[in-house]
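**Q** Before I ask anything, let me first share the structure, which is written out below as structure tokens.
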Amino acid sequence: METWTPNPRAKPFIPRQQRSLYLTWKYKLTNKRTIRRFCQAAAVLFLLVTVIVNIKLILDTRRVANEDAAAQEYEDAVPNMETPRRQANGRKVLDIEVYSSRSKVYVAVDGTTVLEDDMREQGRGIHVIVLNQATGHVMAKRIFDTYSPHEDEAMILFLNMVTRGRVLIFTIKDEGTFHLKDAAKNLLKSLGSQVSLSLSWRDMWTLVVKKGGQVYGEKHSKSPALSTWGDPVLLKTEVQLTASEEAECHWADTELNRRRKLFCSKVEGYGSICSCKDPAPIEFNPDPLLNNNVFNVPVAVIAGNRPNYLYRMLRSLLSAHGVNPQMITVFIDGYYEEPMDVVELFGLKGVQHTPISIKNARVSQHYKASLTASFNLHPEANYAIVLEEDLDVSIDFFSFLSQTIHLLDEDDSLYCISAWNDQGYEHTAEDPSLLYRVESMPGLGWVLKKSLYKDELEPKWPTPEKLWDWDMWMRMPEQRKGRECIIPDVSRSYHFGIIGLNMNGYFHEVYFKKHKFNTVPNVQLKNVDSLKKDAYEVEIQRLLKEAELLDHSKNPCDDSFLPDSEGKTYVMFIKMEAETDTATWTELAKCLHVWDLDVRGNHRGLWRLFRKRNHVLVVAVPISPYSVKKPVAVTPIHLEPPPKEEGGAVEQI
Amino acid sequence: MPRVNRTVVLYLLLISSSVFLLFQLYYYRKYVSKLTVKSFLALARRFRMPLFLIDTAVLSLLSQDALRQRDRLVPEPHCGFLCTDRPITAFALQANQWKYDVALPLAAEQKGFELLELRGEDPRLASLDTLSGDDIPLHFLFRLHGYVIQVVFLYERSGNYLWHGALRLHADMDRSFAAFKQLEYGRHAGAYDRPELVLTVLDGLDVRIPRNVTRFLSEQRHARFLECRYRDARNFLQLYPDDSSPDAVDFRRKVKQLLHLAARTLARINVPFWLSSGTCLGWFRQCSVISYSRDVDIGIFIADYRPDIISAFTDAGLKLKHKFGKVEDSLELSFLSFDVKLDIFFFYDDGDVMWNGGTQAKSGRKFKYVFPPFSLCWAELLELKVRVPCETVDYVTANYGASWSVPVRTWDWKTSPSNVMENGVWPPGEWAELIQVY
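Chains as they are written, first to last, in full-length UniProt numbering: chain A, 1 to 653; chain B, 1 to 438.
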């Protein structure tokens, strides 16, 4: 800077010099002019940059300030995402092979076998596969054993649920027409089948069709005689894939609908959840609970591969008042895709479990891993709520638990709180605000205390080689140690599963279908603290005192055994010499149509249930300590089992 | 003259503006960090992220000492805390209080942030290697104008502590996204006690920080966490199944109680300890307790010795069983809780090796167990956050030889360890003082 000559234009101040000198000076000057120009430009540039940087600084600061102010407005604004654009690639053709025969069926799509069933004595009936018409992916696989009754109705239900435009593939294994009624045959005809009306005994048949569209192929071979099957048929055909836009609905672009879209592009058979016009909700926003004591209690949903059940279960769970979806984890036994799809549809957390062992030991190991993981994932939790995929939960499920959960902390004689009353059937349960203490462990929607699990159960949980039911094991005296569970009179869960390890349609019909299930919201439970050990005895004594004695000369199975009164308390005494002497109770349970497969739901030899809207106390004499209340003159009722045992023993659940 | 003035004015202007510009550039470079933090906090507020500041550079300005010094300095008015020289600011996010919102990446993008999400396996499920859930978010990096905000996800683990994962880049990730070397969190997994938080105002921004900053900073320096090697443990247990007899179950329960009690007691008097010998081997080899080991072994550096250790344990209900050696040499304490023994070995640092001593009560013979130098890391055992030597393999190998992975049921503490050395005999005159058996 010092070398800079100041004020180059100041001619008048240039001292008069010799011409040569002046010229030199002038020459120098012109030279310096370029430098000067350059410097001036540089200065201006500097200034400009300074200004720009400053302006940028100011703008940035202002933008941040503005954003702060606007933050409030942003709170709930939905960001406008662009719809993901899909490439409209060239339409593809799928090669489809469908085989139908007596002992084997298979379906191959583009050379990939998507169904193969050649197991003996399995998979009889009509196999149905649903393909996505845009991607060719398998969206659903079902078997309808239409040799047996009512299965055709299930098939009609299913086919009606499938979205229009999907590709349907049918094939029969062994026999699929014996109970295939006209309604089903007509539906198949309306889908495009030429031969459905004439399908008959032991025919082989395959069909590939687009729902509400063209027929890609159909083959049929008649059975020549009653004792023989039709010849195997193999259908080979091609299906033109459509553009994906045509296969999708145009739902508003929200986070929920993105989940919905993903789900609906993968699976079928969930009814209106995928309806374009009026889709069923997947978010329920139930009312919160005031003073929710179970808001931060983890909920473990134990699941297998029954995705339709899981769907129904999660719907009811997410609709219950006071639910906290953040705390729900679904534990899936096995790496099945569809249950995981259901979990993701509802935006919940899913964990898959590599199956260990077989049958009930597999279930038991899955339970152990799920419970351990629940407490691992929520180390701050002192309890866990355990549910299964085949349960509905009542609207006040969490309210019920919130009102009772403190008992687990305050009463050491408690083992669990369960939402299920083993003896609570439509005709034997009455009062949603009433609670009992019982010596059995009902399960089916229950609360487990962490210390019980960590200190007692987990360390000695049955190992994989022991084929034990986990619930039977938990009920064993070594584990239960005389502790009891709190249950409601009216169950807060409903067992709807009819397929399962220990379950079939008949069994469900007899023991579970008529179970009472609470539908009243926000039930205020009565005298919760009277459920504690000592208080409950006082309560029982009060009930026994006010109870009227029933006429022991009548047959307890007769309707007239109970007077036609309402709201009264009665007491009856039955014979039970020892823990193992279950004959009278079992017979009584049978005629009352309650659980009669083993002795459940009692407290020190006392059962409490409702008959004709009256509260009935059943006391087992002499093993119950309440036997002392029996008037000396009364002989306890004794029933003998019918001489011949009917049928085989049904498996316990 | 006026012409002269004009030129001078021009020069003055030029010089001052360039000075101004330099100042501005310098200031802007520092200020950008505050702007970035500010705009990030606005984003975090919108997505209700439960954040707190864990940046050590900023927090150390807030620690007690620094604040005292600072009072004497002229406070910088606008950006005294957040404008550090580092191009990174670290925040922690309490993961159990937050649900990932799929709208976050887009919203971050709209604010000009580039977002790098790093996910990893959920260690809470990895302990049962038959379970697999979705990967969980471990670290988020938000970048704006070359400035990076690191969000460290803290998860609750059983053992009542917070855990964050190691930051590992996948092959397809941008290695130049941030100066990863400069990150303070993510080189290793870390474990922290749950800090109490306070809301404070830093440079005009509302941020939550740990209430006890000094404590948090010292915790941060030794936070490295080692996950148990669950897969190896499972393989081991397949070869040598766990004893599930009632006795073994009962023993494990007692060990758990004793270990929890010891940890509580030593934490109260601020003495750090680590799992040693058989207990350390149990953690390392099978992620649990060796059911036939019959005792619990822990190590304490002699530098951390305090005379009130004994009274602390006896107050907690333990019975002193024996005391061998002295603070200067081979100190060893044993306590009894029910029928399980708690052995406390004090470790001496000889520079190139670390050692602890042993004493045979009846003969007064001394033994020395030599280990390669080690540092301490956190680990989880029986729902407890405990320290173990970071160099666990070396430690276990020194103690049990290369075949530590094979169970040995008959063990003689004087001859079996591969690092045991004879170390002379206590002078008989001092036995009464140095060999106390109760």
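Don't be surprised by glycine CBs; every beta carbon is placed ideally from N, CA and C.
(1) Below 8 Å on the Cβ atoms is my contact criterion, and I expect Y415 (chain A) with C485 (chain A) to pass it. Report the Cβ-Cβ distance as a whole number of Å.
(2) One question on the structure: do L168 (chain A) and L191 (chain A) come within less than 8 Å of each other, judged by their Cβ atoms?
(3) For I417 (chain A), does the count of other Cβ atoms within 10 angstroms reach 16, so buried, or fall short, so exposed?
(4) Flag S127 (chain B) as yes if its beta-carbon sits less than 8 Å from any beta-carbon of chain A, otherwise no.
(5) What separation, rounded to the nearest whole angstrom, lies between the Cα atoms of Y285 (chain A) and L435 (chain A)?
(6) Would you check if the distance between the CB atom of G176 (chain A) and the CB atom of G217 (chain A) is smaller than 8 Å?
(7) For D231 (chain A), I'd like the list of residues in its chain whose CB is within less than 7 Å of its CB, leaving aside the five on either flank, ordered along the chain.
(8) Chain B partners of I356 (chain A), CB-CB under 7 Å?
(9) Measuring only between beta-carbons, confirm whether D287 (chain A) sits less than 8 Å from chain B.
(10) Would you say K359 (chain A) reaches chain B, if we count a Cβ-Cβ gap shorter than 8 Å as a contact?
(11) I want to see whether chain B comes within less than 8 Å of E380 (chain A), judged by CB atoms only; does it?
(12) Mapping DSSP to helix, strand and coil, what is G133 (chain B)?
(13) For K362 (chain B), decide whether its Cβ has a neighbour in chain A, counting only Cβ atoms nearer than 8 Å.
(14) So which residues on chain C does K349 (chain A) lean against when the C-beta distance must stay under 9 Å?
(15) Identify the contact partners of G159 (chain B) in chain A, using a Cβ-Cβ distance below 9 Å as the criterion.
(16) Could you pull the start and end residues of the beta strand (DSSP E) that E238 (chain A) belongs to?
(17) Counting pairs of beta carbons, one from the segment 590-604 of chain A and one from the segment 435-449 of chain A, are three or more of them closer than 8 Å?
(18) From B:P427, B:I344, B:F324, B:D242, pick the residue whose C-alpha is nearest to that of S288 (chain B); which is it?
(19) Taking its Cβ as the centre, do 16 or more other Cβ atoms sit within 10 Å of K323 (chain B), making it buried, or is it exposed?
(20) Using a cut-off of 8 Å between C-beta atoms, extract the partners of L25 (chain B) located in chain A.
(21) Got a sec: which bits of the segment 309-327 of chain B sit with their beta carbon under 7 Å from any beta carbon on chain A, in order along the chain?
(22) Give me, in chain order, the residues of the same chain whose beta-carbon lies closer than 8 Å to that of F236 (chain B); leave out the 5 immediate sequence neighbours on both sides.
(23) Distance check for L35 (chain B) and V44 (chain A), CA to CA, integer angstroms please.
(24) To the nearest whole angstrom, what separates the beta carbons of K533 (chain A) and D455 (chain A), a pair I think is in contact under 8 Å?
(25) Have a look at P84 (chain A) and A243 (chain A) and give me their C-alpha separation to the nearest angstrom.
(26) Compile a chain-ordered list of the residues in the segment 103-126 of chain B whose CB is closer than 7 Å to at least one CB of chain A.
(27) Under the three-state reduction of DSSP, which class applies to L281 (chain B): helix, strand or coil?
(28) Can you tell which of B:P246, B:A179, B:D297 has the C-alpha that lies nearest to the C-alpha of L259 (chain B)?
(29) Using a Cβ cut-off of 7 Å, pull out every chain B residue sitting near V49 (chain A), in sequence order please.
(30) E430 (chain B): buried (16+ other C-beta within 10 angstroms of its C-beta) or exposed?
(31) By the three-class DSSP mapping on this structure, what secondary structure does C274 (chain A) have?
(32) Tell me M576 (chain A)'s beta-bridge partners as DSSP assigns them.
(33) Of all the options B:T359, B:T89, B:W378, which has the alpha carbon lying nearest to the alpha carbon of P428 (chain B)?
(34) May I have the straight-line CA-CA distance separating L290 (chain A) from P521 (chain A), to the nearest angstrom?
(35) Where are the beta strand (DSSP E) runs, 3 residues long or more, that stay fully inside the segment 337-417 of chain A, in chain order?
(36) Locate the alpha helix (DSSP H) running through C264 (chain A), then write down its first and last residues.
**A** The relevant details are as follows:
(1) Indeed, because the Cβ distance is near 5 Å, the residues count as touching under 8 Å.
(2) Contact check for L168 (chain A) against L191 (chain A) passes: the beta carbons are separated by less than 8 Å.
(3) Looking at its Cβ environment, which holds 16 or more other Cβ atoms inside 10 Å, I417 (chain A) is buried.
(4) With 8 Å as the cut-off, S127 (chain B) counts as an interface residue toward chain A.
(5) Per the sequence presented here, residue 285 (chain A) reads as Asn, with Tyr not at that position. Here the C-alpha atom of N285 (chain A) lies approximately 28 Å from the C-alpha atom of L435 (chain A).
(6) Cβ atoms of G176 (chain A) and G217 (chain A): not closer than 8 Å.
(7) Short of 7 Å from the beta carbon of D231 (chain A), and not among the five residues preceding or following it, lie these beta carbons of its own chain, in chain order: M204, S221.
(8) T130, listed in chain order.
(9) No, because no Cβ of chain B sits closer than 8 Å to the Cβ of D287 (chain A).
(10) Under the Cβ criterion of 8 Å, K359 (chain A) is not counted among the residues facing chain B.
(11) Yes, E380 (chain A) lies at the interface with chain B (some Cβ there is under 8 Å from its Cβ).
(12) Of the three classes helix, strand and coil, the one that applies to G133 (chain B) here is strand, per DSSP.
(13) Under the Cβ criterion of 8 Å, K362 (chain B) is not counted among the residues facing chain A.
(14) Here chain C cannot be found, since the structure's protein chains are A and B.
(15) Simply P379.
(16) Start and end: 233-240.
(17) Segment contact: the segment 590-604 of chain A against the segment 435-449 of chain A, three or more CB-CB distances shorter than 8 Å; contact assigned.
(18) Of the candidates B:P427, B:I344, B:F324, B:D242, B:D242 places its Cα closest to the Cα of S288 (chain B).
(19) Burial state of K323 (chain B) is buried, judged by a 10 Å Cβ sphere holding 16 or more other Cβ atoms.
(20) Going along chain A in sequence order, the residues near L25 (chain B) (Cβ under 8 Å) are V53.
(21) Close to chain A, meaning a Cβ-Cβ distance shorter than 7 Å, is no residue of the segment 309-327 of chain B at all.
(22) Excluding residues within five positions, the ones whose Cβ falls inside 8 Å are R285, Q286, S405.
(23) Cα to Cα, V44 (chain A) sits roughly 29 Å from L35 (chain B).
(24) Not confirmed; about 20 Å, so no contact.
(25) The predicted position of P84 (chain A) is uncertain, since its pLDDT is 32 and thus under 50; a value taken from the coordinates is nonetheless stated next. Their backbone Cα atoms lie some 15 Å apart in a straight line.
(26) A103, L106, A107, R124, L125: these are the residues of the segment 103-126 of chain B whose beta carbon lies less than 7 Å from some beta carbon of chain A, given in chain order.
(27) The three-state reading of DSSP puts L281 (chain B) in helix, counting H, G and I together.
(28) If we check each option's Cα against that of L259 (chain B), B:D297 comes out closest.
(29) Those within 7 Å of V49 (chain A) in chain B are L21.
(30) When all chains shown are included, E430 (chain B) counts as exposed.
(31) Helix at C274 (chain A).
(32) BP columns for M576 (chain A) point to A:P622.
(33) Considering only alpha carbons, the answer is B:T359.
(34) A straight line joining the alpha-carbon of L290 (chain A) with that of P521 (chain A) spans about 13 Å.
(35) Correct list: 349-353, 383-388, 391-393.
(36) 255-266 is the extent of the alpha helix (DSSP H) around C264 (chain A).
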